[in-house]
Amino acid sequence: MLELRLVQGSLLKKVLESIKDLVNDANFDFSSSGFSLQSMDSSHVALVALLLKSEGFEHYRCDRNTSMGMNLGNMSKMLKCAGNDDIITIKGDDGSDTVTFMFESPTQDKIADFEMKLMDIDSEHLGIPEAEYHAIVKMPSAEFARICKDLASIGDTVVISVTKEGVKFSTRGDIGTANIVLRQNTTVDKPEDATVIEMNEPVSMTFALRYMNSFTKATPLSNTVTISMSPDLPVVVEYKIAEMGYVRFYLAPKMEE
Amino acid sequence: VSKQSTITKFFNKV
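This is how it looks when you write it as structure tokens:
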């Protein structure tokens with residue numbers, strides 16, 4: 001028996017919108033502490049890790065650990081049928097080959113249930129090691145999205161360099177080059193507008209902008225984004241989901257031959 | 001020339 005009631009149903013809608021274009025289908029792993037998902041894109045260049053903790057749900061019941069394979073495109077189609085103010089409940093029964101999404105309007109005058117077929121997914125689970133990163137940049141998520149979009153109109157890859165001067169995003173393409181430098185800025189009215197650069201050692205890495213732009217679909221989930229880099233590891237682009245968990249995107253770097 | 005690496009180069013299966 002599985003029953004999860006999320007009053008802020010729009011969060012789940014936003015989560016799906018942020019990952020459905022990167023990953024076609026994935027296993028959702030439910031346990032008593034919450035649910036998680038880990039999946040690579042089809043080319044194994046990027047990995048998404050999602051965590052939603054049980055504390056964030058108004059009601060959370062998961063009698064035994066269970067894994068449900070879902071097509072994210074189909075799940076997104078169903079969740080799009082929920083209103084932004086709707087309460088969403090996820091229900092499942094042991095051994096069933098379907099999952100039910102129930103949508104309740106805030107005034108309880110409209111109740112809908114959508115039953116979705118589950119699928120068997122043979123996915124490999126990767127161990128993500130704890131790491132000390134050379135540099136961690138926390139910045140407004142809208143600013144990061146703007147930079148990735150702007151640079152993608154010039155080039156295909158971005159070089160992200162962190163020095164004590166700041167963080168530099170650079171690209172080059174047929175029409176020319178672009179460099180955007182952000183300096184640490186903590187003298188802002190609202191903490192979410194700050195750019196905070198923690199640097200243990202300078203780092204410079206190259207990434208495909210196509211993936212970075214895909215990650216920025218998570219922008220509605222959080223006002224801030226955290227970018228963690230070490231030369232020998234995939235970059236981590238993390239959007240925290242208030243008091244519930246996170247969506248983390250890992251992107252393998254482009255490396256010199 | 002830089003080449004796109006993959007996640008599995010860095011993270012192992014568990």
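The listed protein sequences derive, respectively, from chains A and B. Mapping of the first sequence onto our numbering: position 239 corresponds to residue 239, and the numbering continues sequentially without gaps. Mapping of the second sequence onto our numbering: position 2 corresponds to residue 2, and the numbering continues sequentially without gaps. A virtual CB, placed ideally from N, CA and C, is assigned to each residue, including glycine.
What is the rounded straight-line gap between the Cα of Leu37 (chain A) and the Cα of Ala26 (chain A)?
-> 7 Å
Supposed contact pair Ala131 (chain A) and Leu151 (chain A) - C-beta distance, whole angstroms, cut 8 Å | With a Cβ gap of about 26 Å, Leu151 (chain A) and Ala131 (chain A) do not count as contacting.
How would you call Val45 (chain A), buried or exposed, if buried means at least 16 neighbouring beta carbons within 10 angstroms?
-> buried
Since Leu221 (chain A) and Val15 (chain A) are thought to touch, with beta carbons under 8 Å apart, how far apart are those beta carbons, to the nearest angstrom?
-> 7 Å
Quick one: is Lys168 (chain A) near chain B, going by C-beta distance under 8 Å?
-> no
Ala218 (chain A) - partner residues in DSSP beta bridges = Ala218 (chain A) pairs with nothing; no bridge assigned.
CB-CB length for Leu47 (chain A) against Tyr250 (chain A), believed under 8 Å | 4 Å
So, is the C-beta of His125 (chain A) closer than 8 Å to a C-beta in chain B?
-> yes
By Cβ distance, which residues of its chain are closer than 7 Å to Glu17 (chain A), with the 5 residues on each side in sequence left out?
-> Ser76, Lys217
For the alpha helix (DSSP H) that contains Ala131 (chain A), what are its first and last residues?
-> Segment: none, Ala131 (chain A) is in no alpha helix (DSSP H) and carries neither H nor E.
What does His59 (chain A) touch in chain B if you count any residue whose Cβ is under 9 Å from its own?
-> Neighbours of His59 (chain A) in chain B, taken as residues at a C-beta separation under 9 Å, are lacking, since the least C-beta distance is about 31 Å.
Residue span of the alpha helix (DSSP H) that contains Ala145 (chain A), given as start and end = 141-152
Just how far apart, CA to CA, sit Tyr60 (chain A) and Lys3 (chain B)?
-> 45 Å
Of all the options A:Leu2, A:Val158, A:Leu50, which has the alpha carbon lying nearest to the alpha carbon of Gly173 (chain A)?
-> A:Val158
According to the neighbour-count rule (16 or more other Cβ atoms, all chains shown, within 10 Å of its Cβ), is Ile111 (chain A) buried or exposed?
-> exposed
Give a single yes or no on whether Ala135 (chain A) has its beta carbon closer than 7 Å to a heavy atom of the ligand SAH.
-> This structure lacks the ligand SAH; in fact it carries no ligand of any kind.
Short check: CB of Phe28 (chain A) to CB of Met70 (chain A), under 8 Å?
-> Yes.
Go to Ser76 (chain A), then tell me how far its alpha helix (DSSP H) extends in each direction, as first and last residue.
-> 72-79
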